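For reference, the structure is listed below as structure tokens.
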Amino acid sequence: MSVEQLSGVTHEDCAAFSRDFGVLADVEDLVPGDEYTLEASSPGLDRKLDRPDDFRRFGGCLVKVQTFEPVNNNRHWQGRLKAAEVGGAVRAITLDLAAGKQSSKSRKAGLTTVEIALSNIEKAQLVPEI
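Here is the structure:
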């Protein structure tokens, strides 16, 4: 991952927000009652990818994708993400399948890449590479 991709929310950011917002909530009495629990968190290393900008931002990262309809007789894919832009808008993604573990269906088909329309993506998330 690049520095830009990792420059999201850190543990320290969550702690600072929780501390600062907690003080504001207490001073302004935003939460009725004497006690409450304030939690702040980030999406994590295996964050979900929902918006076209997510796919653009995390290009080059390892992802898992599940489709609504099968693509090449398979609904589950893992590979290195490349967003395919048409006129500046992300309409589909391409996965480099050599970068991830594949099901027996995709291995048997001998595919090295697969293109998936964004409209066919049911779920997508990053795969942590540590």
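Here the sequence shown stands for residues 985 to 1114, where the numbers follow our numbering.
Ideal Cβ positions, reconstructed from N, Cα and C, are used throughout, including at glycine.
Every value quoted in this text rests on a predicted model; they were computed, and no experiment measured them.
Cβ-based burial, residue i [other Cβ within 10 Å; buried from 16]
| i | result |
| --- | --- |
| T1051 | buried |
| I1135 | Outside the shown range of the chain, which is 985 to 1114, sits residue 1135, and nothing can be said about it. |
| D1038 | buried |
| L1079 | buried |
| E988 | With a pLDDT of 49 at E988, under the threshold of 50, the modelled position of that residue is not reliable, and the figure given next carries that caveat. E988 should be labelled exposed. |
| V1015 | exposed |
| P1112 | exposed |
| L1029 | exposed |
| A1009 | exposed |
Distance between beta carbons of residue j and residue i, contact taken as under 8 Å
| i | j | result |
| --- | --- | --- |
| G1043 | A1067 | 5 Å |
| L1110 | V1098 | Between V1098 and L1110 the Cβ distance is about 18 Å, and since that is not below 8 Å, they are no contact. |
| I1100 | V1055 | 6 Å |
| I1077 | L1046 | With a Cβ gap of about 13 Å, I1077 and L1046 do not count as contacting. |
N- and C-terminal bounds of the alpha helix (DSSP H) containing residue i
| i | result |
| --- | --- |
| F1039 | P1036 to R1041 |
| V1011 | H995 to V1011 |
Nearest residue (CA-CA) to residue i, options the options
| i | options | result |
| --- | --- | --- |
| R1064 | N1058, F1001, R1040 and F1005 | R1040 |
| A1073 | V1049, L1095, R1035 and G1017 | R1035 |
| R1031 | V1049, W1061 and E1019 | V1049 |
| Y1020 | G1006, V1011 and E1012 | G1006 |
| A1108 | H1060, L1095, E1053 and E1012 | H1060 |
| N1058 | L1095, G1017 and V1011 | L1095 |
Residue span of the beta strand (DSSP E) that contains residue i, given as start and end
| i | result |
| --- | --- |
| L1046 | L1046 to V1055 |
| A1108 | I1105 to L1110 |
| D1080 | A1073 to D1080 |
| T1097 | T1097 to A1101 |
#### Entry: Any 3 or more C-beta pairs closer than 8 Å across the segment 993–1008 and the segment 1021–1039
Result yes; three or more Cβ-Cβ pairs closer than 8 Å.
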